[in-house]
Every structure is written in structure tokens, then in C-alpha cells.
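One structure is given below, encoded as C-alpha cells.
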Ligand code: HEC
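Residue numbers (the numbering used here): 6 to 167.
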């Protein structure tokens, strides 16, 4: 009996989390149209040679903290995505688009990206998580480089003792 109750509770949580990411993604489409569309396009496929796709790339659907960091600070210099080189650069979005000063909008647009264009990430990025990452990199004034993103430090890694 206890086990059944636990099972029901667990299923309930999952269903809730998925409704959550869907609702967030729905709101995020508007944010995407305003702040990502011009470069990454309606399809999320980008433009060959200029803007990379957001479809199943390691950065778009990978580590949540890293993708939040990208959405806030952008990328400078050359980066290889799906074996193709891009060097256009992504200007710092939180400076270009005032709507991205709002943690909820950042969470929504990333949940949209991570569940659209064939992407199927299950865990929602929450506004609280965005707030944490924003605070962590508040002092940072420059865009990320590919080298930094490749070895993106795990949270707290710098302070961990060996
Ligand atoms: C002004 C054009 C521009 C805008 C606006 C823009 N990006 Fe980008 N984005 C780029 C370029 C160019 C790159 C490749 C980096 C480079 O050339 O250095 C990139 C790379 C990325 C990457 C990592 C590479 C990949 O393809 O997975 C992610 C993730 C990403 N952008 C997400 C976003 C999201 C989310 C938004 C909207 C909040 C956004 N970008 C807005 C131009 C843009």
C-alpha cells in the first residue's frame, strides 16, 4: 500500500515537471522570435556558414548551466558545431535584448529551444536556476570562447579540494 502511494506520488511529479516545461516553452517561443530568430532562424537550423543550428547540438541540449551561460553572455571567435566552423560571433544577448534581463524569459526561451526543432529535453530550466547562473557570472564582461565552453567548469569545481 505504502509502495503504491509512493509510485503515484512519483508519477505525479514527473507529469507535473513535463507540463511545466511545456508551458514554459510555449511562452519561450515569443522570446525566441524576439531574441534568437534573426540568427538561428524559425527552424532552429541557422544559416550555413554564418549561424549554427540549435538542433541536437551538444551546447543546445547539453549541460543546462552552460547553455544558460551562453544565452546570457554569447560567444566570441571561432567555434565548431556539428563539424562545421562558425566565426560570426554571438553578441552578448543580455546586453542586446532587455527581455533577457528577466530570469523567467531566459528559462522560457531555453525550454523552448530544448523542446523544439526535434530537440526533446525532459528537464525544465527554472528561473531560479537562471538567477543562480546569472549571479555566478555577474562580474564577467566578455563573451565565452570555444575553449572555455569545451571545459566548462562544473559548479563549485574551482573551490573543491583535491
Ligand atoms: C546576432 C546573431 C545571434 C543571436 C541573436 C543569437 N545567436 Fe546564438 N549564436 C550565434 C552565432 C554566430 C553562434 C556561433 C558562435 C560564434 O560564431 O562564435 C551562436 C551559437 C549559439 C549556441 C552554441 C552553438 C550551437 O549551435 O549549439 C547556442 C546554444 C546559441 N547560440 C543559442 C542562442 C539563443 C538561445 C539565442 C536567443 C536567446 C541566441 N543564440 C541568439 C548568433 C546568434
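Positions of the beta carbon are idealized from the N, C-alpha and C atoms, including for glycine.
None of these values were measured; they are calculated from a predicted model.
Taking all protein chains in view, the Cβ of residue 112 is crowded by 16 or more other Cβ atoms within 10 Å, so the residue is classified as buried. Judged by their CB atoms, residue 61 and residue 148 are not nearer to each other than the 7 Å cut-off.
Residue 66 sits away from residue 139, with the two beta carbons spaced by 7 Å or more. By the Cβ criterion, the stretch 26-45 is in contact with the stretch 95-102, since at least three pairs of Cβ atoms, one from each stretch, lie closer than 8 Å. In this structure, the beta-carbon distance from residue 117 to residue 30 falls below 7 Å. Of the candidates 125, 129, 91, 121, 129 places its Cα closest to the Cα of residue 109. Short of 8 Å from the beta carbon of residue 53, and not among the five residues preceding or following it, lie these beta carbons of its own chain, in chain order: 89. The ligand HEC has a heavy atom closer than 6 Å to the beta-carbon of residue 91.
If you draw a 10 Å sphere on the C-beta of residue 103, you find fewer than 16 other C-beta atoms in it, and that means exposed. For the ligand HEC, a non-hydrogen atom lies closer than 6 Å to the CB of residue 64.
Under the DSSP assignment, residue 109 falls in the alpha helix (DSSP H) whose first and last residues are 108-119. For residue 56, the distance from the CB to the nearest heavy atom of the ligand HEC is below 6 Å.
Boundaries of the alpha helix (DSSP H) harbouring residue 77: 69-78, taken from the DSSP string. Around the beta carbon of residue 70, 16 or more other beta carbons lie within 10 angstroms, which makes this residue buried.
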